[in-house]
Ligand SMILES: [Zn+2]
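Numbering (my numbering), first residue to last: 17 to 218.
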């Protein structure tokens, strides 16, 4: 879809009224086109989403979705077509889906990312390496839920906050901060991992 000169002019006026800055004609064309591209993308996603929800009425247990490059809402593996499973909780890989069906992990992990930690997040938030996390698990200080892979191997590990009361803090709050070169980056609230303190005292 191509924007008309009239629409560009309107966009220029709205922008000036709202932000007090007059965009050059080129800037206005760029910005209006970006905005439209974004709106189109949102609209297409909305339509796709509605279609899937309708299909759920017919297949309430879920179904594979067509297309490539989806991401599992639990392990974040990139999945396509027959590797996907879609239901009202989101898009999952078949391995994670199976773990949900076997009730090894609760279905809430998909929608509520703040209810659990993955292995890499211990390092990301607290600077605690996987080897240390595994040691805590062996010592019985941390409870882990395992998503099993092939031949009894561990495919993915989930640490539920509710499984570890008093040990796992709630997820650190994030905020956007501006860096010196005027870029934005995410910063996290500093939280000391309780078990790390235990270790030092020994
Ligand atoms: Zn997965």
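Glycine included, each C-beta is placed from N, C-alpha and C at the ideal position.
- Around the beta carbon of residue 94, a 10 Å sphere encloses fewer than 16 other beta carbons of the protein chains shown; the residue is thus reported as exposed.
- DSSP links residue 176 through a beta bridge to 132.
- Scanning 134, 117, 54 and 150 for the CA closest to the CA of residue 177 turns up 134.
- For residue 200, DSSP records a beta bridge to 194.
- Per DSSP, reduced to three states, the secondary structure at residue 107 is strand.
- Cβ-Cβ separation between residue 173 and residue 191: approximately 28 Å, too far for a contact (criterion under 8 Å).
- Secondary structure at residue 146: helix, using DSSP grouped into helix, strand and coil.
- With a threshold of 7 Å, the Cβ atom of residue 60 does not count as near ligand 1, since no heavy atom of the ligand is closer than that.
- Exclusion of the five residues before and after residue 19 leaves 48 as the residues of its chain whose Cβ lies within less than 6 Å of its Cβ.
- If the five residues before and after residue 24 are omitted, its C-beta is found closer than 8 Å to the C-beta atoms of 41, 44, 45 and 48, all from its own chain and listed in chain order.
- Residue pairing of residue 63 in beta bridges, as defined by DSSP: absent, with no partner found.
- DSSP places residue 125 outside any beta strand (DSSP E); the residue lies instead in the alpha helix (DSSP H), whose first and last residues are 124-127.
- Not one heavy atom of ligand 1 lies closer than 7 Å to the C-beta of residue 34.
- Secondary structure note for residue 162: its beta strand (DSSP E) is the uninterrupted segment 161-164.
- Taking all protein chains shown into account, residue 136 has fewer than 16 neighbouring C-beta atoms within 10 Å of its C-beta and is therefore exposed.
- Counted as a single uninterrupted DSSP element, the stretch harbouring residue 98 is not any alpha helix (DSSP H), since DSSP gives it neither H nor E.
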